[in-house]
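For reference, the structure is listed below as structure tokens.
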Amino acid sequence: MDQSLSVRMGYVTDTIPPRINPDGDDGPVDPAQLTRITSLHRGFLYQHLYAVGCLLSLNRGGVDRLLVERDEDVEAVLADRRLYMQIKTRSRALQWGDISSAIENFESVRARHAAGIRPGRPQLIIVSNQVTGPGLAQKLTGDDWPNDVTILTPGAPAPDSWLPPAWETVDEAVAWCSRQAARVPFASLAPQTLVWKLAARVVLACTGHGGQMFNVSEMPALYEQFVQELQAFPAPPAPYLPQATEPELLTAAKVRLITGFSGSGKTAWASHAATHCPEPITYFDVSALSRDAVAGALARELAARHLNTAQRAELLHGAGIDVLRAVHQHLAGTPVAIVIDNVHRLNAADLRDLASALPSTRLVLLGQPRPDQAAFAAHIGIATENLNGWTADSVAGVFADAECPVDRPTAERLVTLTGGLPLYVCHAAALTRTHYDHDAASLCTELSQRCHSVPSVQDLILEEVFASLDPTARTVAFLLAMAEVPLTDQELRRLAHAAELSGPACSRGTRTLTAFAITQRTGRLLTLHDAARSLATEYGPAGSHLTIEHALSGILRESIEGGSAPVGRLAKWAMLLARTDQTEQLLELASHDLFFEQSFSADLAPILTAVATDKDAAPVSRFDALNALALLAYAADETTDHGRLVDDLAALAAAHSARWGTRERLVLATHRMIQHASTGDLGAMNTTYLATRSETAENSVARRILRYTQAQCFFIAGRYEQSDILAMDVAEAYLDHLGLKPEDVLGVGVDELGARLGQQGTDLDDCKRLADCLALTVRCKRELDEHHGLAALHAMKFFHLAGAWRSVVTIGQEVVDDFVEIGDLQQALQLLEQTLLPLVQQHALDDLVIGLRSQRAVVIAHTGDYAAARAELDTLQRYDVPLQQAQEIENQRALIEHLAT
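Position one of the sequence shown corresponds to residue 210 (this note's numbering), numbered consecutively onward.
Given below as structure tokens:
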């Protein structure tokens, strides 16, 4: 074998496959910069929380006032002293270089005090979340260390008893401040709410607001203001779980309209966000008011909160909207924000009147989706906003708290069934515990099949919505539910034709669904809201389901064959082939290597088994079904099942030997070789190899497949050196077959490589097979404790070209390890965050998510961000994972702790 291939795949810089962009967000260009920014913001939050701790302790310390971001991060002014506090957060021990400039700058502060410009004795206190390093610790014991400079580290006593301690983490800071806040005599303020409101005020003060000063005499009034702002808000759930990509409560927009089904968490979101809002905010619920009474009641609420007695006395007695306008005139120049809840009870004209009466006030309107809201939004030129529901992590946490732990695929399935809406998820968890023996998978099956006997709150809410729809809209909802994948308007109209619904009627139904937020649109594609999908399947036209499924199958096949099918269509098409008895097409699909890369392939095993055991089916169909089942068993490491299926293949081949050609004999031989290698019988493996080799032509596809299988078998038997040599030899043969040299791959991006191969009409299966060879040599080198050069990265490129996404991810993890080994943490994070994690999301490879994220936690720990690494593993341990993966997570946790020490 030409050794140039292995030599050239050495320690050379190469290009990684491109970023994957499933949701329009391509992630950070520079992950290392993201890590730095995250650490920076964590440092600011720690600093702000230290200021909060000081504010909560002012009375105990005899402090007159507290200042932020003046000469130092925090300053406390006492009768005879002034404390200057600099806050330092680091990921390693505190060094002299971290504080030397602060001590030098303190000379100027001393001079001002000595000259009488500032009263009292100055003292510099450096607060750090890390202990001092050896060099700095030695300096502290020196005779020349200044008496008025103190370093406060975790575990050390504060120089003044009223000062907060130094905490190691932000979580410790929040916990300590919350304990102090519990002592504040405002019982209606939850301690943590008070902490976050104070933190928000500290942030505001750091911008220069109010002279960056807090006077101790003003603190009770500030607490009273917090009480008034928050007492009307319903208490958010504790702990509050944020929804995916949650928006800010207040933005620059004057009017915002946030809509969502009942149970989507709108009010909880607003209540929680208000605790972090530095500006005065008023909550107003219209649910108990008649439409005519809303304006007047809102005017009274605003007047009571923001106007003095004289201003309230000047208000005229008239129509509610006129009084509201008068109140607004008094509020001129005062920043006021109002959250108005349940606005679906008002019509478009009511909403326009409120907005016009309060032109300088920021309005956040919360309500269930209704057609009138679209007219209102269009009139004032805004777009409605939605909350995106809980993520799979949050769902897993809720089910874990209900003692019904779920694995990652089940958590994703629950997100799909409930839309991630908080109320629906919580009730689903309760149902799982009380009616499904803690088995969430069984709940999912019954909900998706609409055969559950216990009504869910989701059903009760959405059935009311569907009852208000006309029959045409319900039929369109059924069609979108049947499709599951997003459709273009033209595809939807074609599907509607199969349901005997005209194009105009279909469009009219779509508009109705849009007005009720039952549909969601991304570019040209329209889909049904996840939460409404299972219920919508009950509203189909009688007797037309099979016709609609056949029509949908044709639509999906055309888009797949056209090469521009969005993600998810192949999976849906495969399921439709099974449901509509299109067995031959299904078997043709299963004959490709890429079939086994798909997350849905194992779900088709029952259909394949039915074909394999059908004595009336064509022998070649049974053979193909058995081959697919054997490959699935091998991929799942089910050696016994694989052996049984291979025996069934051999028996079928013997009974119909006259029917078989080279393909069938090759398929059986490769399975036999793997079967022999699994039992350690390399002699029988080699005999089968030689017998089949004599039937294949030199340099043929069959010969290369056979030689790769031989390399596989040596690996299975633990003969790694032989496996490696053979795998690299076959890889070289594939490169030659593709018309490539090693230098054509080195440093070349996937797009450029794909363009070259595309011009040659390359079979993508050959790209996959070449990548398999390179991946096998990587595994061999790992077992031999030898470096594999760039073989993993090159394998990743060819898997990417072939669309073998599962293999891209698994070999990509090897590439991440390579980057970590050479210290290129930026590239490691970039590959994980911009390519691998988006890939598993885009292609629903849910079983790979936990492994990827636990690996990412270790990489983050290597960057020094141990708190983020620990938090990630804590989240992952909320999932129900196999014993082996649980042990891997524990091993990674041990590695993180080792790195931290």
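Backbone N, C-alpha and C fix where the C-beta goes; we use that ideal spot for every residue, glycine too.
Per DSSP, residue 392 lies in no alpha helix (DSSP H) segment and is marked neither H nor E. Under a 10 Å Cβ-count criterion, residue 711 is classified as exposed, with fewer than 16 other Cβ atoms of the shown protein chains found around its own Cβ. In the DSSP assignment, residue 297 falls within the unbroken beta strand (DSSP E) covering 290 to 297. Exposed is the label assigned to residue 658, since fewer than 16 other Cβ atoms lie within 10 Å of its Cβ. With a cutoff of 8 Å on beta-carbon distance, residue 1054 and residue 1024 are scored as not near each other. 8 Å or more divides the Cβ of residue 261 from the Cβ of residue 358. C-alpha of residue 1080 to C-alpha of residue 254: approximately 17 Å in a straight line. The three-state reading of DSSP puts residue 281 in coil, since its state is none of H, G, I, E or B. A direct Cα-to-Cα measurement between residue 702 and residue 487 gives close to 50 Å.
Its chain contains 707 as the residues whose beta carbon lies nearer than 6 Å to that of residue 756, once the 5 sequence neighbours on both sides are disregarded; these appear in chain order. Here residue 1070 has 1078, 1105, 1108 as same chain residues with Cβ atoms under 6 Å from its own Cβ, once five neighbours each way along the sequence are excluded. Taken atom to atom, the span from the alpha-carbon of residue 1026 to that of residue 795 is near 38 Å. Measuring C-alpha to C-alpha distances from residue 628 to each of 590, 645, 604 identifies 604 as the nearest.
Residue 298 places its beta carbon less than 8 Å from that of residue 338.
Taking 8 Å as the cut-off, the Cβ atoms of residue 1101 and residue 1076 do not count as close.
Between residue 517 and the set 534, 539, 382, 588, the nearest pair of CA atoms involves 539.
Residue 295 counts as buried, since no fewer than 16 other beta carbons sit within 10 angstroms of its beta carbon. Considering only 450, 522, 346, 990, the residue with the shortest C-alpha distance to residue 478 is 450. Non-local beta-carbon contacts of residue 729 in its own chain, meaning distances under 7 Å to residues more than five positions away in sequence, involve 736, 738 in chain order. Along the length of the region 1004 to 1085, whole alpha helix (DSSP H) runs at least 4 residues long occupy 1014 to 1030, 1034 to 1040, 1046 to 1051, 1058 to 1071, 1075 to 1085, reported in chain order. Per DSSP, residue 675 lies in no beta strand (DSSP E); the unbroken alpha helix (DSSP H) holding it starts and ends at 666 to 676.
Put simply, of 646, 596, 533, 466 the residue whose alpha carbon is nearest the alpha carbon of residue 579 is 466. Within the region 796 to 863, the complete alpha helix (DSSP H) runs of at least 4 residues fall at 814 to 821, 828 to 844. Of all alpha-carbon atoms in 651, 671, 644, 855, the one lying nearest the alpha-carbon of residue 623 is that of 651. Annotated three-state conformation of residue 366 is coil, per DSSP.
The beta-bridge partner set that DSSP reports for residue 492 consists of 548.
In this structure, the straight-line span from the alpha carbon of residue 392 to that of residue 268 is close to 12 Å.
Spatial neighbours of residue 342 in its own chain (CB-CB distance under 7 Å, excluding positions within 5 residues in sequence) are listed in chain order as 302, 303, 304.
Residue pairing by DSSP places residue 262 in no beta bridge whatsoever.
Proximity of the region 820 to 839 to the region 852 to 869 meets the contact definition, three or more beta-carbon pairs being nearer than 8 Å. Distance check between residue 1016 and each of 1045, 521, 388, 877 places 1045 closest, using alpha-carbon atoms only.
For residue 1108, the enclosing alpha helix (DSSP H) stretches over residues 1092 to 1109.
Taking a 10 Å sphere around the C-beta of residue 790, we find fewer than 16 other C-beta atoms and assign the residue as exposed. Following the DSSP letters along the chain, one finds residue 576 inside the beta strand (DSSP E) bounded by residues 571 to 576.
As for any beta strand (DSSP E) of minimum length 3 sitting wholly inside the region 312 to 386, the runs are 330 to 337, 358 to 361, ordered along the chain.
Partner residues in a beta bridge of residue 470, as assigned by DSSP, do not exist.
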